[in-house]
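Engineer: Have a look at this one.
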Amino acid sequence: MAPWKSIFSKKGGEDMDVVDEIRLKAFHSHGGVFIANEYRAIDRLYRSEEGCPHKSRECLPLCLILRNRLKYALNYKEVTTILQQRLVKVDGKIRMEKCYPCGIMDVVDIEKTDEHFRLMYDQKGRFVVHRITGIEAQYKLCKVIKKKLGDKGVPCVQLHDSRTIRYPDPMIKEGDSVMVDIASNKITDFVKFDAGALCMVTGGRNAGRVGIVNRREKHKGSFEVVHLTDAAGQNFATRFSNVFAIGTGNKPMVSLPKGKGIKLTILEEQRKQEDN
Numbered sequence: 515m516a517p518w519k520s521i522f523s524k525k526g527g528e529d530m531d532v533v534d535e536i537r538l539k540a541f542h543s544h545g546g547v548f549i550a551n552e553y554r555a556i557d558r559l560y561r562s563e564e565g566c567p568h569k570s571r572e573c574l575p576l577c578l579i580l581r582n583r584l585k586y587a588l589n590y591k592e593v594t595t596i597l598q599q600r601l602v603k604v605d606g607k608i609r610m611e612k613c614y615p616c617g618i619m620d621v622v623d624i625e626k627t628d629e630h631f632r633l634m635y636d637q638k639g640r641f642v643v644h645r646i647t648g649i650e651a652q653y654k655l656c657k658v659i660k661k662k663l664g665d666k667g668v669p670c671v672q673l674h675d676s677r678t679i680r681y682p683d684p685m686i687k688e689g690d691s692v693m694v695d696i697a698s699n700k701i702t703d704f705v706k707f708d709a710g711a712l713c714m715v716t717g718g719r720n721a722g723r724v725g726i727v728n729r730r731e732k733h734k735g736s737f738e739v740v741h742l743t744d745a746a747g748q749n750f751a752t753r754f755s756n757v758f759a760i761g762t763g764n765k766p767m768v769s770l771p772k773g774k775g776i777k778l779t780i781l782e783e784q785r786k787q788e789d790n
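Mapped onto this note's numbering, the consecutive letters of the sequence shown carry residue numbers 515 to 790.
Dropping the structure here:
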């Protein structure tokens, strides 16, 4: 018997009345600590995100950004008041949906306070709302998920945030990253996913780490593995699907959050806290 049936029905999930059905819908519209993933780092019930271009476990609802991270609101009602004033933009578009999901590399603008933020991962793989400048807020990086021919043979690329851009540069391939101008929705630059590319890991045990690609191993019938080296000289490996190219060499195309993607051991963290 499902746990929610025992909660909302006195008969153990059988012959639920209208009131129980209403409560059940409310139960499914919220997410709790017991089903929240570790990337969100929340400590209580939250509103679940709406349908979006990002995966459910790879996004953060807008209400959590304003209330839990930026501390602009004390409760859910205040978040509603802020959004109804049309003060918040996500990727250049005004968003009034309280549960609008923001994913990796999305830009959140608050024009009234002239503040700009980019959603990224810290070195431990948790979501961080990284403050950026107004110039950097004009563009975002997107990973190329698929390259295909559209209607009437028009070449186009599908990006990780569900954008589809027609007539891309012929040099752009699957796995590369492109710089998209938010205002015009056009590609202004791109990064090839080759040896020497600077990448951020977006999934797995190494999520949030940043390193330079050493080599790429292809295994027939299995996952492709990418080997990287971070700025501290530590080597690690992850799947190809978890790697997001953000620059070349030691020059990222976007500013990195605190920690610069270098994962510390427990002893190194203790020494750092003692020094501070």
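Even glycine gets a Cβ: it sits at the ideal position worked out from N, Cα and C. Predicted, not measured: the structure shown is a model, and the values here were computed from it.
#1: For residue 731 versus residue 754, is the C-beta distance shorter than 7 Å?
#2: May I ask which residues mark the beginning and end of the alpha helix (DSSP H) holding residue 593?
#3: So, helix, strand or coil for residue 620, using DSSP?
#4: Note down the Cα distance separating residue 599 from residue 728, rounded to an integer number of angstroms.
#5: How far does the beta strand (DSSP E) with residue 696 in it reach, from first residue to last?
#6: Report the three-state DSSP secondary structure of residue 640 (helix, strand or coil).
#7: Are the CB atoms of residue 695 and residue 706 nearer to each other than 7 Å?
#8: Residue 778: which of 580, 672, 723, 569 sits nearest, CA to CA?
#9: For residue 659, which residues of its own chain have a beta-carbon under 6 Å away from its beta-carbon, when the five flanking residues on both sides are left out?
#10: Under 8 Å by Cβ, that's how I've got residue 768 and residue 650 pegged, so tell me the actual separation to the nearest angstrom.
#11: Here's the rule I'm using: 16 or more other beta-carbon atoms within 10 Å means buried, otherwise exposed. How should residue 466 be labelled?
#12: Quick one: which unbroken beta strand (DSSP E) runs of 3-plus residues sit fully inside the region 700–785? Chain order, please.
#13: Compute the Euclidean distance between the alpha carbons of residue 620 and residue 633, then round it to the nearest angstrom.
#14: How would you call residue 682, buried or exposed, if buried means at least 16 neighbouring beta carbons within 10 angstroms?
#15: Taking only runs of the beta strand (DSSP E) that begin and end inside the region 666–691, which ones reach a length of at least 3 residues, in chain order?
#16: For residue 605, count the other beta carbons within 10 Å of its own beta carbon; 16 or more makes it buried, fewer makes it exposed. Which is it?
Structural biologist: Considering the structure as presented:
#1: For this step, residue 731 is matched to residue 217 along the sequence shown. For this step, residue 754 is matched to residue 240 along the sequence shown. With contacts defined by Cβ atoms closer than 7 Å, residue 731 and residue 754 do not form a contacting pair.
#2: Against the sequence shown, residue 593 aligns to sequence position 79. Here the alpha helix (DSSP H) through residue 593 covers 590–598.
#3: Position 106 of the sequence shown holds residue 620. Residue 620 falls in the coil class under three-state DSSP.
#4: Locating residue 599 in the sequence shown gives position 85, counting from the first residue. Locating residue 728 in the sequence shown gives position 214, counting from the first residue. Distance between the alpha carbons of residue 599 and residue 728 is about 48 Å.
#5: Within the sequence shown, numbered from 1, the residue matching residue 696 stands at position 182. Premise fails: residue 696 is in no beta strand (DSSP E) and is neither H nor E.
#6: Position 126 of the sequence shown, counting from 1, holds the residue named residue 640. Coil, per DSSP.
#7: Position 181 of the sequence shown holds residue 695. Position 192 of the sequence shown holds residue 706. In this structure, residue 706 does not lie closer than 7 Å to residue 695 by Cβ.
#8: Along the sequence shown, one-based indexing puts residue 778 at 264. Cα-wise, what sits closest to residue 778 is 723.
#9: Walking along the sequence shown from the start, residue 659 turns up at place 145. For residue 659, where only same-chain residues beyond five positions count, the Cβ hits under 6 Å are 672, 674.
#10: As a first step, residue 768 is located in the sequence shown; it is residue number 254 there, counting from the start. As a first step, residue 650 is located in the sequence shown; it is residue number 136 there, counting from the start. With 8 Å as the limit, residue 768 and residue 650 qualify as a contact, their Cβ atoms being about 7 Å apart.
#11: No information on residue 466 is available, as it lies outside the stretch 515 to 790 that the chain covers here.
#12: 700–705, 711–715, 724–731, 739–743, 749–753, 757–762
#13: As a working mapping, residue 620 is identified with position 106 in the sequence shown. As a working mapping, residue 633 is identified with position 119 in the sequence shown. Rounded to the nearest angstrom, the two C-alpha atoms are 6 Å apart.
#14: Here residue 682 is taken as the residue at index 168 of the sequence shown, counted from 1. Buried.
#15: 669–673, 678–680
#16: Translated into the one-based positions of the sequence shown, residue 605 becomes position 91. Classified as buried, residue 605 has 16 or more neighbouring CB atoms from the shown chains inside 10 Å of its CB.
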